[in-house]
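To get our numbering, take the position in the sequence shown, counting from 1, and add 5.
Even glycine gets a Cβ: it sits at the ideal position worked out from N, Cα and C.
Keep in mind that this is a model prediction, so the values were computed, not measured.
To start, the structure under review is shown below, and the notes come after it.
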Amino acid sequence: MGRKKTIDRDRVLDVAELLVSQKGAASLTFDSIAQAAGISKGGVQSCFASKEILIESLLMRWIAQYESRISELRADQATPMSAVEAHIANTFGEDELAGARTAALLAALLQSPHHLGGIIGWYEKRIQEIERIPVEARGRALLGFLATEGFFFLKNFGLVNTGSLDAGDIARDIFELLAGPKRDSENGKHRAAASVRRKAEG
């Protein structure tokens with residue numbers, strides 16, 4: 006008697022992410038995932054009992070990956086401002102496919118009030134971090150964060166043609182906004198800023 010085939014849960018999530026980024030949130034069904042993954046529908050259900058659990062798993066994995074990237078970009082910087090700078094660097098440093106996958110996942114989450122709460126909570130955490138920034142820089146940090154999110158949504162939801170826009174220039178403008186009218190030597194070149202410049206211009 007042969008051993009029961011083990012389904013790779015992470016591979017199923019990979020397929021689901023790719024599927025939703027290519028065909029939209031409506032394509033996220035067990036049948037379509039099973040076909041794309043080359044397994045049975047029952048195999049998908051053995052990993053995720055419902056579509057809601059699948060979407061929640063996608064969200065939890067995305068959050069974990071995001072936190073890992075932010076920690077890497079912040080390095081030894083533990084200030085609230087460094088979290089904002091790392092978020093901006095991460096957003097502008099994403100490749101086209103990663104941005105499309107994130108946008109598609111958000112579109113899927115927006116269809117469910119239950120999962121929408123997870124996104125609201127994620128944004129609340131970002132705002133709470135900004136509120137910990139000293140008052141003289143807090144407004145600039147908030148504007149920089151909102152500008153970054155605006156660029157992300159406009160670009161990845163196809164709301165504007167960003168082909169003529171230079172992402173590197175936009176990123177530099179945002180970092181200059183965060184730095185304020187006077188940039189001292191300690192904060193002159195944060196690692197997150199250097200990272201986004203390399204990625205945006207490379």
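Cβ pair count under 8 angstroms reaching 3, the segment 59-70 against the segment 18-32: yes
- prompt: Roughly how far, in whole angstroms, is the beta-carbon of Arg-106 from the beta-carbon of Ser-26, given that I think they are within contact range, below 8 angstroms?
  reply: On the sequence shown, position 101 is the one that residue 106 refers to. On the sequence shown, position 21 is the one that residue 26 refers to. So it is a contact: roughly 4 angstroms between Cβ atoms.
- request: Report the three-state DSSP secondary structure of Thr-11 (helix, strand or coil).
  value: Counting from 1 along the sequence shown, the entry for residue 11 is found at position 6. Looking at Thr-11 - three-state DSSP - the assignment turns out to be coil, as it is neither helix nor strand.
task: Alpha carbon to alpha carbon, how far is Ser-117 from Leu-151? Give it in angstroms, no decimals.
output: Taking the first residue of the sequence shown as position 1, residue 151 is located at position 146. Taking the first residue of the sequence shown as position 1, residue 117 is located at position 112. Rounded to the nearest angstrom, the two C-alpha atoms are 24 angstroms apart.
task: Taking only heavy atoms of the ligand GTP into account, decide whether any of them is closer than 7 angstroms to the Cβ of Gln-40.
output: The model on display carries no ligand, and the ligand GTP is accordingly not part of it.
task: Evaluate Thr-96 with the Cβ neighbour count: other Cβ atoms within 10 Å of its Cβ, from every protein chain shown; 16 or more gives buried, anything less gives exposed.
output: Along the sequence shown, one-based indexing puts residue 96 at 91. Per the 10 Å Cβ criterion, buried.
- prompt: When the Cα atoms are used, what is the spatial distance from Tyr-2 to Arg-16?
  reply: In the structure displayed, the chain extends from 6 to 207; residue 2 sits before or after that span and is not available.
task: Quick one: measure Cβ to Cβ for Ala-142 and Gly-185, integer angstroms, because I've assumed they're closer than 8 angstroms.
output: As a first step, residue 142 must be located in the sequence shown, where it is residue number 137. As a first step, residue 185 must be located in the sequence shown, where it is residue number 180. With a Cβ gap of about 6 angstroms, Ala-142 and Gly-185 count as contacting.
field: Nearest neighbour of Asp-178, chosen from Asn-161, Leu-102 and Ile-93 [CA to CA]
entry: Along the sequence shown, one-based indexing puts residue 178 at 173. Relative to the Cα of Asp-178, the nearest Cα in the group Asn-161, Leu-102 and Ile-93 belongs to Ile-93.
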